[in-house]
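Shown next, in structure tokens, is the structure this report addresses.
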Amino acid sequence: MESRNVIEIDNLNLFYGDFQALEDINIEIERNKVTALIGPSGCGKSTFLRTLNRMNDLIENTIVKGDVILDGVDIYKEINLLDLRKRVGMVFQKPNPFPMSIYENVAYGPKAHGVKNKAILDKIVEENLKKAALWDEVKNRLDKSAMGLSGGQQQRLCIARALAVEPEIILMDEPTASLDPIATLKIEELINELKKKYSIIIVTHSMQQAGRISDKTAFFLMGEIIEYSDTTKLFSNPQKKKTEDYITGRFG
Amino acid sequence: MIKLLLRNSKEKIIYGLIISSALITMGILFWIFIFIVMNGMPHLNLQFIFSNYSGEETGIFPMIINTLMVIGITIIIAVPIGISTAIYLVEYAKNGRVVNVIRFSVELLAGIPSIIYGLFGMVFFVTILNFNWSILSGTLTLSIMILPTIIRTTEEALISVPKEYREGSLSLGASKIRTIMKVVLPSAQSGILTGIILGMGRISGETAAIYLTAGMVPRIARGILESGRTLSVHMYLLAKEGISFEEAYATATILLLLTLILNIMAKILSRNQES
Ligand SMILES: Nc1ncnc2c1ncn2[C@@H]1O[C@H](COP(=O)(O)OP(=O)(O)OP(=O)(O)O)[C@@H](O)[C@H]1O
Ligand SMILES: [Mg+2]
Numbered sequence: 001m002e003s004r005n006v007i008e009i010d011n012l013n014l015f016y017g018d019f020q021a022l023e024d025i026n027i028e029i030e031r032n033k034v035t036a037l038i039g040p041s042g043c044g045k046s047t048f049l050r051t052l053n054r055m056n057d058l059i060e061n062t063i064v065k066g067d068v069i070l071d072g073v074d075i076y077k078e079i080n081l082l083d084l085r086k087r088v089g090m091v092f093q094k095p096n097p098f099p100m101s102i103y104e105n106v107a108y109g110p111k112a113h114g115v116k117n118k119a120i121l122d123k124i125v126e127e128n129l130k131k132a133a134l135w136d137e138v139k140n141r142l143d144k145s146a147m148g149l150s151g152g153q154q155q156r157l158c159i160a161r162a163l164a165v166e167p168e169i170i171l172m173d174e175p176t177a178s179l180d181p182i183a184t185l186k187i188e189e190l191i192n193e194l195k196k197k198y199s200i201i202i203v204t205h206s207m208q209q210a211g212r213i214s215d216k217t218a219f220f221l222m223g224e225i226i227e228y229s230d231t232t233k234l235f236s237n238p239q240k241k242k243t244e245d246y247i248t249g250r251f252g
Numbered sequence: 001m002i003k004l005l006l007r008n009s010k011e012k013i014i015y016g017l018i019i020s021s022a023l024i025t026m027g028i029l030f031w032i033f034i035f036i037v038m039n040g041m042p043h044l045n046l047q048f049i050f051s052n053y054s055g056e057e058t059g060i061f062p063m064i065i066n067t068l069m070v071i072g073i074t075i076i077i078a079v080p081i082g083i084s085t086a087i088y089l090v091e092y093a094k095n096g097r098v099v100n101v102i103r104f105s106v107e108l109l110a111g112i113p114s115i116i117y118g119l120f121g122m123v124f125f126v127t128i129l130n131f132n133w134s135i136l137s138g139t140l141t142l143s144i145m146i147l148p149t150i151i152r153t154t155e156e157a158l159i160s161v162p163k164e165y166r167e168g169s170l171s172l173g174a175s176k177i178r179t180i181m182k183v184v185l186p187s188a189q190s191g192i193l194t195g196i197i198l199g200m201g202r203i204s205g206e207t208a209a210i211y212l213t214a215g216m217v218p219r220i221a222r223g224i225l226e227s228g229r230t231l232s233v234h235m236y237l238l239a240k241e242g243i244s245f246e247e248a249y250a251t252a253t254i255l256l257l258l259t260l261i262l263n264i265m266a267k268i269l270s271r272n273q274e275s
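Residue numbers (this note's numbering), protein chains in the order written: chain F, 1 to 252; chain B, 1 to 275.
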């Protein structure tokens, strides 16, 4: 039996040098749910997201304290970094396909993890482009550069690229921030589809978006989680004054 | 009113100075170019380009081959070292003392006059290592000389690769070295190539450093331990010994052509990178 929580975080504190960006974070992320992270700019949403696949390791002088437990394993102490990132995928705010062909973009991750067989790669590429609802649009130009796609298509390609290494969790940092409403809608539909098989954590500045797509929502403020509960509950009946102020637009 | 007039005329004078400096620079360049080509053309023919330099023959074919050989071997030695150094500096080194020392050395190397490299090469490679006057001594010396060019241009090319590419690759669980080899280097490719071509230009025009290390035997070197005269050394000797100014001009024209081709290639590549 898999436990209900995919990630459990205990007393997480993060410092960029002297500056404390995250303070006493305790949160449990549920499996196969969409968890939204909301809060004003600079409150630490991206920082938090990047602790989950250890992307903050790239920033010098970053100190992480506390436990981040993924399926019972402490990701800062007991797991190989490359394995962790294979299990915890990421989609960035600005679509960042590699300057290579559409095919090579999707095949990049599997190749990095040792898949060499062309037939298998072909299959992986097709499957994941389908999962990302991009296949029909690109199947006739797989060998063309990914840079020629529209912003929305590029973002779906990045999702396909992330899916291709078979992650359990997908982190998304404002994945629709640079997209038009139609492309945004497509990504939201996609997220709804994906949550059947993946656990998704998404940072968003749009409370409507959080309401539309997420099951759980965490409200961040100045590096702390103020409130964390079911999305419907958090928006209809916030328990904390600060949450209420934020979602009613009284600040931030 | 008078003030305004004064200011206007002052601006005009400055403007005029700037324009005339630009025109003078361009004018001198063109003049040199035309002067050399005009003097070189009459003597330039297939016979001159494709025959040897011995006895009756006064061709420059061996020098052309030696020059190409020197360019090729120098690039083969210098490029891997230069690119690796740049990768270390940009991708691995934290800003510590080691990095500062390397950066400082690179700056220093870039500013040294080429005759000093020649002298060093003559003492170290020719004499101490006993490689004699040879293509090997010459190319090793030139390799050191063009390293700063290669390192700097590669560094710039690597720095200009968006960090989003690196993050994208790392977030998929790709290792750092894979990220560098498969994503970063290909993205920096045209910038690096531009640097290599600029380095080739420097090699083809170099005289002092190669004259003191590769010697001046006017035959095709049949191995890297043989001496071989390059085009620029040939030109220098023709002019200095007063052997034939016609031949010197004709050789210069060929050298100019080679440099021109290399520069145009660099231009095209760097334009490609921008788009
Ligand atoms: N590399 C860094 N070095 C130092 N401080 C940083 C660094 N990255 C972020 N910070 C600081 O940490 C805090 C949290 O930043 P973070 O990017 O996580 O905020 P965010 O909630 O994602 O904001 P936004 O909604 O604008 O994306 C901010 O005060 C920011 O200035
Ligand atoms: Mg952010």
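Even for Gly, the Cβ is constructed at its ideal location relative to N, Cα and C. Values in this document were obtained by computation on a predicted structure and should not be read as measured data.
Quick check: what's the CA-CA separation for ASN95/B versus ARG54/F? Position 95 of the second sequence, counted from the first residue, corresponds to residue 95/B. Position 54 of the first sequence, counted from the first residue, corresponds to residue 54/F. Rounded to the nearest angstrom, the two C-alpha atoms are 22 Å apart.
For ligand 1, which residues count as neighbours when the test is a C-beta closer than 5 Å to any heavy atom? TYR16/F, ALA21/F, SER41/F, GLY42/F, CYS43/F, GLY44/F, LYS45/F, SER46/F, THR47/F, ILE59/F
Go through its chain and collect everything with a Cβ distance to MET90/F's Cβ below 6 Å, but skip five positions before and after it. Within the first sequence, residue 90/F is the residue found at index 90, counting from 1. In the same chain as MET90/F, and ignoring 5 residues on each side of it, the C-beta atoms closer than 6 Å to its own belong to ASN53, LEU171, in chain order.
Within the 9 Å Cβ cut-off, does TYR108/F reach chain A? In the structure shown, chain A cannot be found, because the protein chains are F and B.
Ligand 2 and ASP173/F: does any heavy atom of the ligand fall closer than 8 Å to the residue's C-beta? For this step, residue 173/F is matched to residue 173 along the first sequence. Of the heavy atoms belonging to ligand 2, at least one sits nearer than 8 Å to the Cβ of ASP173/F.
So for MET38/B, helix, strand or coil by DSSP? Working through the second sequence from its first residue, we reach residue 38/B at position 38. Looking at MET38/B - three-state DSSP - the assignment turns out to be helix.
Is VAL203/F near ligand 2 - that is, is its Cβ less than 8 Å away from at least one heavy atom of it? Position 203 of the first sequence holds residue 203/F. VAL203/F Cβ: within cutoff of ligand 2.
With a threshold of 16 other CB atoms inside 10 Å of the CB of GLN239/F, please say whether the residue is buried or exposed. For the purposes of this step, residue 239/F is identified with residue 239 of the first sequence, where counting begins at 1. Classification for GLN239/F: exposed.
Cβ of ASN263/B within 9 Å of Cβ of ILE197/B? Mapped onto the second sequence, residue 263/B falls at position 263. Mapped onto the second sequence, residue 197/B falls at position 197. Contact flag set, yes.
Any chance the CB of GLN93/F is under 8 Å from a heavy atom of ligand 2? Residue numbering aside, residue 93/F sits at position 93 when the first sequence is read from its first letter. GLN93/F Cβ: within cutoff of ligand 2.
Along chain F, in chain order, which residues have C-beta atoms closer than 7 Å to that of GLY72/B? To locate residue 72/B, count along the second sequence from 1; it is residue 72. Result: empty, since nearest Cβ-Cβ is about 29 Å, beyond 7 Å.
Beta-bridge partners of VAL73/F, as assigned by DSSP: For the purposes of this step, residue 73/F is taken as residue 73 along the first sequence, with counting starting at 1. For VAL73/F, which the question treats as bridged, DSSP gives the partners LEU70/F.
Starting from the C-beta of LEU109/B, find all residues in its chain whose C-beta is less than 6 Å away, skip the five residues before and the five after it, and write them out in chain order. Taking the first residue of the second sequence as 1, we reach residue 109/B at position 109. For LEU109/B, where only same-chain residues beyond five positions count, the Cβ hits under 6 Å are PRO148.
Can the beta-carbon of GLY27/B be found closer than 9 Å to that of GLY138/B? Within the second sequence, residue 27/B is the residue found at index 27, counting from 1. Within the second sequence, residue 138/B is the residue found at index 138, counting from 1. No, the pair does not count as a contact, with Cβ atoms beyond the cut-off.
Count the other CB atoms within 10 Å of the CB of ASP83/F; is the residue buried (16 or more) or exposed (fewer)? As a working mapping, residue 83/F is identified with position 83 in the first sequence. It is exposed - the Cβ of ASP83/F has fewer than 16 other Cβ atoms within 10 Å.
Taking ALA78/B and ILE146/B to be in contact with their CB atoms under 8 Å, please state how far apart those CB atoms are, rounded to whole angstroms. For the purposes of this step, residue 78/B is identified with residue 78 of the second sequence, where counting begins at 1. For the purposes of this step, residue 146/B is identified with residue 146 of the second sequence, where counting begins at 1. Right, their Cβ atoms sit about 5 Å apart.
If you measure from the beta carbon of CYS43/F to each beta carbon in chain B, is any gap under 9 Å? Locating residue 43/F in the first sequence gives position 43, counting from the first residue. No, CYS43/F does not count as interfacial toward chain B.
Show which residues of chain B have a CB atom less than 9 Å away from the CB atom of PHE92/F. Locating residue 92/F in the first sequence gives position 92, counting from the first residue. Under the 9 Å cutoff, chain B gives GLU164, GLU167, GLY168, SER171.
Minimum length 4: unbroken alpha helix (DSSP H) runs contained in the region 50–75 of chain B: none
Run down chain B in chain order and give the residues with a C-beta less than 8 Å from the C-beta of PRO99/F. As a position in the first sequence, residue 99/F is number 99, starting the count at 1. Correct list: TYR165, PRO186, SER187.
Let me check understanding here. Comparing Cα to Cα, which of GLY168/B, THR25/B, VAL217/B, LEU260/B lies closest to ASN105/F? Taking the first residue of the first sequence as 1, we reach residue 105/F at position 105. If you compare the alpha carbons of GLY168/B, THR25/B, VAL217/B, LEU260/B with that of ASN105/F, the shortest gap goes to GLY168/B.
Whole-angstrom distance between VAL101/B and ILE128/B, CA atom to CA atom: In the second sequence, residue 128/B corresponds to position 128, counting from 1. In the second sequence, residue 101/B corresponds to position 101, counting from 1. Distance between the alpha carbons of ILE128/B and VAL101/B: 27 Å.
Please decide whether GLY89/F counts as near chain B, where near means a Cβ-Cβ distance under 9 Å. Here residue 89/F refers to the residue found at position 89 of the first sequence. GLY89/F counts as touching chain B.
Chain-order list of residues whose beta-carbon lies under 7 Å from that of GLU156/B (same chain, five-residue window excluded): On the second sequence, residue 156/B is found 156 positions in, with the first residue counted as 1. Only GLY191 meet the Cβ criterion.
Which residue from ALA132/F, LYS86/F, VAL88/F, THR248/F puts its Cα closest to that of ILE102/F? Taking the first residue of the first sequence as position 1, residue 102/F is located at position 102. For the residues ALA132/F, LYS86/F, VAL88/F, THR248/F, the minimum Cα distance to ILE102/F belongs to ALA132/F.
Expressed to the nearest angstrom, what Euclidean distance is found between the alpha-carbon atoms of GLY199/B and SER178/F? Position 199 of the second sequence, counting from 1, holds the residue named residue 199/B. Position 178 of the first sequence, counting from 1, holds the residue named residue 178/F. A direct Cα-to-Cα measurement between GLY199/B and SER178/F gives close to 41 Å.
Hey, does ARG4/F have any beta-carbon neighbour from chain B nearer than 9 Å? Counting from 1 along the first sequence, the entry for residue 4/F is found at position 4. Chain B contact via Cβ: absent.
Which residues in chain B sit within 8 Å of ASN128/F, going by Cβ to Cβ distance? Taking the first sequence and counting its residues from 1, one reaches residue 128/F at position 128. Residues of chain B whose Cβ lies closer than 8 Å to the Cβ of ASN128/F do not exist, since the nearest Cβ in that chain is about 12 Å away.
Consult DSSP for PHE131/B and reduce its assignment to one of helix, strand or coil. Taking the first residue of the second sequence as position 1, residue 131/B is located at position 131. Reduced to three states, the DSSP call for PHE131/B is coil.
At least 3 beta-carbon pairs within less than 8 Å: the region 59–79 of chain F vs the region 16–25 of chain F: yes
If you draw a straight line from the C-alpha of ARG161/F to the C-alpha of PHE15/F, how long is it? If you number the first sequence from 1, residue 161/F lands on position 161. If you number the first sequence from 1, residue 15/F lands on position 15. Answer to the nearest angstrom: the Cα atoms are 31 Å apart.
Which ranges would you report for the alpha helix (DSSP H) in the region 132–213 of chain F if only whole runs of at least 4 residues count? 135–138, 151–163, 181–194, 207–213
Rounded to the nearest angstrom, what separates GLU347/B and MET216/B at their Cα positions? No information on residue 347/B is available, as it lies outside the stretch 1 to 275 that chain B covers here.
How would you label ASP173/F, buried or exposed, when you count the other beta carbons within 10 angstroms and need 16 or more for buried? Locating residue 173/F in the first sequence gives position 173, counting from the first residue. Burial call: buried.
Going by DSSP, name the residue or residues bridged to ASP122/F. Position 122 of the first sequence, counted from the start, is the residue given in the question as residue 122/F. Note: ASP122/F sits in no beta bridge, so no partner.
Shortest alpha-carbon distance to ASN61/F belongs to which of GLY17/F, CYS158/F, TYR198/F? By one-based count along the first sequence, residue 61/F stands at place 61. Taking only the C-alpha atoms, the option nearest ASN61/F is GLY17/F.
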